Amino acid sequence: MKHFAIGLLAAFALTAHAVDEASVGVKLHKQSGFDYVTGGAGAEAQAFAALSARYPVRIQFTIDGKHADDISGVKVRMLDTKGEVLIDAAAEGPLFFITPSSGRWTFEATWQGQVLSSTKDLTGRRYLDIAFDFKSGK
25 MKHFAIGLLA
35 AFALTAHAVD
45 EASVGVKLHK
55 QSGFDYVTGG
65 AGAEAQAFAA
75 LSARYPVRIQ
85 FTIDGKHADD
95 ISGVKVRMLD
105 TKGEVLIDAA
115 AEGPLFFITP
125 SSGRWTFEAT
135 WQGQVLSSTK
145 DLTGRRYLDI
155 AFDFKSGK
C-alpha cells in the first residue's frame with residue numbers, strides 16, 4: 025500500500041507539473057470560448073500525453089488503422105446541437121484535443137475528400153476518446 029501511495033503521489037506530481045501548454049511547448053488555440061491544441065507528431069507526443077488530462081475530448085487521426093504522424097491538413101469542426109460551428113480549424117498532426125463543456129457535440133474531420141463524423145454526449149468528468157480512421161486511397 026505504501027508503494028502504491030508513493031507511486032500515486034509521483035504520478036500526480038508529474039501531471040501537476042506538466043499541465044501547462046507553454047511549459048511543454050504546445051501552442052494553445054482558442055475559438056468560440058473553447059481551448060484546443062493540435063499536433064502530437066514525433067517527440068511532441070509526450071507533451072500531448074502530459075496534457076491529455078486537461079482535455080475532455082481527445083481526437084486521434086489514423087490512416088488505414090495505423091498511427092499517422094505525418095498526417096496534416098485535417099479540417100476539424102465541432103458543432104453544437106443546433107448545428108452551429110463552434111470550432112473550425114486545421115489539425116497540425118495526428119492529435120486534436122478540445123475543452124468543451126458538458127453537452128452533446130458533433131465532431132467532424134475532413135481529409136482528402138473524406139468526411140468522418142461522430143456525435144457524442146459529454147457529461148461530468150468523463151473523457152471522450154474519438155478515433156477518425158481515414159483510408160489512404162491505395
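Using our numbering, you'd call the opening residue of the sequence shown number 25 and step up by one each time.
Built from N, CA and C at the ideal position, the CB exists for glycine as well.
Keep in mind that this is a model prediction, so the values were computed, not measured.
- For the stretch 124–154, which segments carrying the alpha helix (DSSP H) assignment without a break, of at least 4 residues, lie completely within its bounds, in sequence order? none
- Taking only the alpha-carbon atoms, compute the straight-line gap between residue 102 and residue 111 and give it to the nearest angstrom. As a position in the sequence shown, residue 102 is number 78, starting the count at 1. As a position in the sequence shown, residue 111 is number 87, starting the count at 1. When rounded, the distance between both Cα atoms is 5 Å.
- Report buried or exposed for residue 151, applying the criterion of at least 16 other Cβ atoms within 10 angstroms of its Cβ. In the sequence shown, residue 151 corresponds to position 127, counting from 1. That one is exposed.
- Query: Excluding sequence positions up to five away, which residues of its chain have a Cβ less than 8 Å from the Cβ of residue 123?
  - Reply: Along the sequence shown, read from residue 1 onward, the residue named residue 123 stands at position 99. The residues are 58, 59, 60, 78, 79, 80, 81.
- Query: Per DSSP, what kind of secondary structure is residue 100 in: helix, strand or coil?
  - Reply: Indexing the sequence shown from 1 puts residue 100 at position 76. Residue state for residue 100 is assigned as strand, using DSSP reduced to three classes.
- Starting from residue 69, trace the alpha helix (DSSP H) both ways and give me its first and last residue. Within the sequence shown, residue 69 is the residue found at index 45, counting from 1. Per DSSP, residue 69 belongs to the alpha helix (DSSP H) from 68–75.
- Identify every residue that forms a DSSP beta bridge with residue 122. Residue numbering aside, residue 122 sits at position 98 when the sequence shown is read from its first letter. Residue 122 pairs with 60, 81.
- Task: Spatial neighbours of residue 107 within its chain, please: CB distance less than 7 Å, with the 5 preceding and 5 following residues excluded, ordered by chain position.
- Result: Taking the first residue of the sequence shown as position 1, residue 107 is located at position 83. Correct list: empty, nothing qualifies.
- Message: Quick check on DSSP: helix, strand or coil for residue 34?
- Response: Translated into positions along the sequence shown, residue 34 becomes position 10. Annotation note: pLDDT 38 at residue 34 (below 50); position unreliable, coordinate value reported separately. Residue state, collapsed to three classes: helix.
- Query: Per DSSP, residue 105 is paired with what?
  - Reply: Your numbering for residue 105 matches position 81 in the sequence shown. None, per the DSSP bridge assignment.
- Item | DSSP three-state assignment for residue 46, whether helix, strand or coil | One-based indexing of the sequence shown puts residue 46 at position 22. Of the three classes helix, strand and coil, the one that applies to residue 46 here is helix, per DSSP.
- Query: Along the chain, where does the beta strand (DSSP E) that runs through residue 159 open and close?
  - Reply: Within the sequence shown, the letter at position 135 stands for residue 159. First-last for residue 159: undefined, no H or E at that position.
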